[in-house]
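Shown next, in structure tokens, is the structure this report addresses.
Chains as they are written, first to last, in our numbering: chain A, 1 to 678; chain B, 1 to 159.
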């Protein structure tokens, strides 16, 4: 297997180099036959990388510990699913996964070349160039098929226990699908710039690519948050770790791009801005990979420090220089066709939305890199942890939520004050009423800034939810009146007729649910206590009674766990089993959290260890309000994005009219030809 | 009556002492929680001290005990944090201080936000102030041109 893997990786590199050089030459010489060979080489490159990836997975399944990577990331007793996950659990394997996903995106692009052969040829050459970089990296700097020298050990070191969790089997591929997926819209954008593509068709072509990449990145980021919550056992889901920050940076710029691109499509504006947004997104995706793998910043998630950082620095420099060069050279093709007419318009709301997203991106990047900057300037390193990010980003995030609410209420070009008053009345009433209800319910925003932000988050969420519901209601009412149907049926129809717009609203609604989930954070409670047989712990409205504690053993790990009955208002409502495992191969411990998740709050129990003197387990209990809404919100965001990807449905009448028009146009053309022929 | 008066004073003092102890205790707990979130665990886990949950972590337990001892000793917040900085270095603080070069860390994001907002408003106003094309009087548009205009209006107002 290692030989097959090594050979196919080299072959893939040769094919990628050919695809890039031949593709670029074909475009320069306008040689279609050479271009076709480049396209086919790109497809063959996918086959070669696929075989290499399979070879690594088969080596893991076959316990081939002669391969250093398998020795360090697997062991005989590891369950099959985790042996598969070993593919991306280390530096070399994850880079191979990256290269495979990139070649898969390239494959789809090259198979669908008829959408726009010329633009796809440019994009394909650019993707091939990126492939060359990653294949160079895994062939010469981080080879996944490196062999063990000397005696081959009988068993491997095992997989990191933190990665032995079902979500870890899907979280990294999702995140990588997002990161790598950014390459496709980047390649189309750069290709369009190089060839001075007329019009905005390239935006239509890349829209699906961008949305799919955005969806994967969103799922990847939040699956990571859920994994951290369910596995790490510290009671939180986001720690502002540099690696987490690296994943959110391209997400922020891509979100900005998805919004501002509408201005280019609709009004031919912000062409330069959009070009740079997609360039920045790609560069940030690569930069995030550099951060994770170079050891520049310390992180609990980072891969082992290695020498591949310099490869990324060079690649980033070359990519940036290429973008700047073609941008300056072809600047005249990016002039706006229209100007902004008013500060109070849909266009300027998009502009401010972009501004806030980019400032949030800057704040995260700034906080992540400040320790490096501080060490460089003052010689002393500082920590930039959650308190900094929360204090800086929460107000920015709230402003963004506010814009999410007002944006859809503003008209294109200019909004009159009358229309503003009319559209804002109900959302404002609902927002203010929510704030009053929260204060009446016991929330005291003046006691702590965290409570204030929480109040603002929930009130603004109510305001935005009202605007979204209002949009569905207004659209549905029009259809219902036209067709004498119910308003619900009208709302369904209006959604099907403009999936992009209403899918977008659904995404906004999902974001609002996520914000509500975040708003529960200041009200978290936690308590740690040693619990023997029959001992009780009181937290929030719950009473925990220890029924038993015991231990177990299997070939992969030994475990200890407690059996805790949960009472609320004197009534038993559940039994929970927080657990701690000791993985034999890696000799590491890991906690398995017991979580009772409900819409109002989570009861989250961690078996933190055992008191060596008494032999009793120590349990840490957390009560975390509203967390479930974060995960529900992510599902809604996913559904909204999928809805936005579905083509619009056209009513039979419109379809019939269009068909009639097509037939008439064809007849006219045919008639013209016949007349011309006579 | 006199005896009662004599008793009232000690009872009042006892009440004040109980209240003081109760509230001081609550204050120490709240301060422990607040300061514990301003410190990092130094075991290398990159987690806030009170959130470090590594089984058998050699640092977090000791550091929590040090914090408790410092608060029970009567140190104010600043002194308690300073003793940690002296022992573990600047990286023990979970966020940069608001002094010296570290101030830039806090100022920069808001400065960029303010600057970018001002520039955006200025840009929109600049674009707005440019001359607008005057509408042609009594336009005599054919049906095709009207269709084209309708198509454009639909396109521009679709989202």
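In this text, a Cβ means the ideal position worked out from N, Cα and C, and glycines have one as well. The structure presented is a predicted model; accordingly, all values stated were derived computationally and were not measured.
How far does the alpha helix (DSSP H) with residue i in it extend, from its first residue to its last?
i                      : result
residue 219 of chain A : 201-227
residue 286 of chain A : 271-294
residue 45 of chain A  : 32-61
residue 114 of chain A : Premise fails: residue 114 of chain A is in no alpha helix (DSSP H) and is neither H nor E.
Where do the N-terminal and C-terminal ends of the beta strand (DSSP E) with residue i fall, by residue?
i                      : result
residue 167 of chain A : Element bounds for residue 167 of chain A: not the beta strand (DSSP E) but the alpha helix (DSSP H), 166-181.
residue 623 of chain A : 617-625
residue 545 of chain A : 542-553
residue 493 of chain A : Residue 493 of chain A -> not in any beta strand (DSSP E); alpha helix (DSSP H) instead, spanning 487-497.
residue 263 of chain A : No beta strand (DSSP E) contains residue 263 of chain A, which is instead part of the alpha helix (DSSP H) from 242-267.
residue 581 of chain A : 579-583
Using three-state DSSP, classify residue i as helix, strand or coil.
i                      : result
residue 708 of chain A : Only positions 1 to 678 of chain A appear in this structure, which leaves residue 708 of chain A out of reach.
residue 322 of chain A : helix
residue 427 of chain A : helix
residue 469 of chain A : helix
residue 537 of chain A : strand
residue 561 of chain A : strand
residue 442 of chain A : coil
residue 447 of chain A : coil
residue 675 of chain A : Any reading at residue 675 of chain A is ruled out, since the residue's pLDDT is 42, under 50, leaving its predicted position unreliable.
residue 333 of chain A : helix
residue 23 of chain B  : The predicted model places residue 23 of chain B with a pLDDT of 45, which falls under 50 and marks its position as unreliable; any figure quoted below should be read in that light. Note: residue 23 of chain B maps to helix in three-state DSSP.
residue 1 of chain B   : The pLDDT assigned to residue 1 of chain B is 48, lower than 50, so where the model puts this residue is not dependable; a value taken from the coordinates is nonetheless given after this. Correct three-state label for residue 1 of chain B: coil.
residue 59 of chain B  : coil
residue 196 of chain A : coil
residue 14 of chain A  : helix
Measuring CB to CB, does residue i end up less than 9 angstroms from residue j?
i                      : j                      : result
residue 45 of chain A  : residue 26 of chain A  : no
residue 454 of chain A : residue 432 of chain A : no
residue 105 of chain A : residue 181 of chain A : yes
residue 42 of chain A  : residue 131 of chain A : yes
residue 96 of chain A  : residue 49 of chain A  : yes
residue 184 of chain A : residue 210 of chain A : yes
residue 561 of chain A : residue 542 of chain A : no
residue 374 of chain A : residue 113 of chain B : no
residue 404 of chain A : residue 328 of chain A : no
residue 386 of chain A : residue 48 of chain B  : yes
residue 616 of chain A : residue 526 of chain A : no
residue 119 of chain A : residue 330 of chain A : no
residue 680 of chain A : residue 222 of chain A : No answer is possible for residue 680 of chain A: it lies beyond the span of chain A, which begins at 1 and ends at 678.
residue 128 of chain A : residue 282 of chain A : no
residue 137 of chain A : residue 366 of chain A : no
residue 268 of chain A : residue 200 of chain A : yes
Using a cut-off of 7 angstroms between C-beta atoms, extract the partners of residue i located in chain B.
i                      : result
residue 239 of chain A : 47
residue 348 of chain A : 124
residue 392 of chain A : 109
Would you mind telling me which residues of chain A sit closer than 8 angstroms to residue i, beta carbon to beta carbon, in chain order?
i                      : result
residue 116 of chain B : 355, 358 and 359
residue 73 of chain B  : Neighbours of residue 73 of chain B on chain A: none; closest Cβ ~23 angstroms, over 8 angstroms.
Could you list which residues in chain B have their beta carbon closer than 9 angstroms to that of residue i, in chain order?
i                      : result
residue 383 of chain A : 40, 46, 90, 91, 92, 93, 94, 95 and 96
residue 378 of chain A : 100, 101 and 102
residue 419 of chain A : Those do not exist, as residue 419 of chain A stays about 13 angstroms from chain B at its closest Cβ, beyond 9 angstroms.
residue 351 of chain A : 120, 123 and 124
residue 416 of chain A : Going along chain B, no residue has its Cβ under 9 angstroms from residue 416 of chain A, so there is no contact; the nearest lies around 15 angstroms.
residue 363 of chain A : 108, 109, 110, 112 and 113
residue 370 of chain A : 96, 102, 104, 105 and 108
Who are the neighbours of residue i on chain B, taking C-beta pairs under 8 angstroms?
i                      : result
residue 586 of chain A : Chain B residues near residue 586 of chain A: none, gap ~14 angstroms exceeds 8 angstroms.
residue 566 of chain A : Simply none; closest approach about 21 angstroms.
residue 374 of chain A : 96, 101, 102 and 105
residue 396 of chain A : 109 and 113
What residues of chain A sit near residue i, judged by a beta carbon separation below 7 angstroms?
i                     : result
residue 30 of chain B : Simply none; closest approach about 11 angstroms.
Closer than 9 angstroms by beta-carbon distance: list the chain A residues that pair up with residue i, in chain order.
i                      : result
residue 107 of chain B : Those within 9 angstroms of residue 107 of chain B in chain A number zero; the least Cβ separation is about 10 angstroms.
- Task: Would you check if the region 236-256 of chain A and the region 270-290 of chain A touch, i.e. whether three or more CB-CB distances between them fall below 8 angstroms?
- Result: They touch, by the three-pair rule.
- Would you check if there are 3 or more beta carbon pairs closer than 8 angstroms linking the region 624-644 of chain A to the region 519-536 of chain A? With a cut-off of 8 angstroms, the region 519-536 of chain A and the region 624-644 of chain A count as touching, because enough Cβ pairs lie within range.
- Is it true that the region 347-361 of chain A meets the region 418-434 of chain A, where meeting means three or more beta-carbon pairs spaced less than 8 angstroms apart? No, the region 347-361 of chain A does not touch the region 418-434 of chain A.
- If we count Cβ pairs, one from each stretch, closer than 8 angstroms, do we get three or more for the region 158-175 of chain A versus the region 54-71 of chain A? Touching, no.
- Would you call the region 636-648 of chain A and the region 500-508 of chain A touching, i.e. three or more CB-CB distances under 8 angstroms? The answer is yes - the region 500-508 of chain A touches the region 636-648 of chain A, with three or more Cβ pairs under 8 angstroms.
- Task: Would you be able to state if there are at least three C-beta pairs under 8 angstroms between the region 376-396 of chain A and the region 321-333 of chain A?
- Result: Between the region 321-333 of chain A and the region 376-396 of chain A, the count of C-beta pairs closer than 8 angstroms stays below three; the two stretches do not touch.
- Query: Are there three or more Cβ pairs, one per stretch, closer than 8 angstroms when the region 578-597 of chain A is compared with the region 479-488 of chain A?
  - Reply: In short, these stretches do not touch, since the Cβ pair count stays below three.
- Query: When the Cβ atoms of the region 131-145 of chain A are set against those of the region 82-95 of chain A, are three or more pairs found closer than 8 angstroms?
  - Reply: Contact between the region 131-145 of chain A and the region 82-95 of chain A is present: three or more C-beta pairs spanning the two stretches fall below 8 angstroms.
- Report yes or no: do the region 574-582 of chain A and the region 592-603 of chain A share at least 3 C-beta pairs separated by less than 8 angstroms? Between the region 574-582 of chain A and the region 592-603 of chain A there are three or more inter-stretch CB-CB distances shorter than 8 angstroms, so the stretches are counted as touching.
- Task: Pair every Cβ in the region 114-121 of chain A with every Cβ in the region 156-166 of chain A, then say whether three or more of these pairs are closer than 8 angstroms.
- Result: Remark: fewer than three beta-carbon pairs, one from each stretch, lie closer than 8 angstroms, so the region 114-121 of chain A and the region 156-166 of chain A are not flagged as touching.
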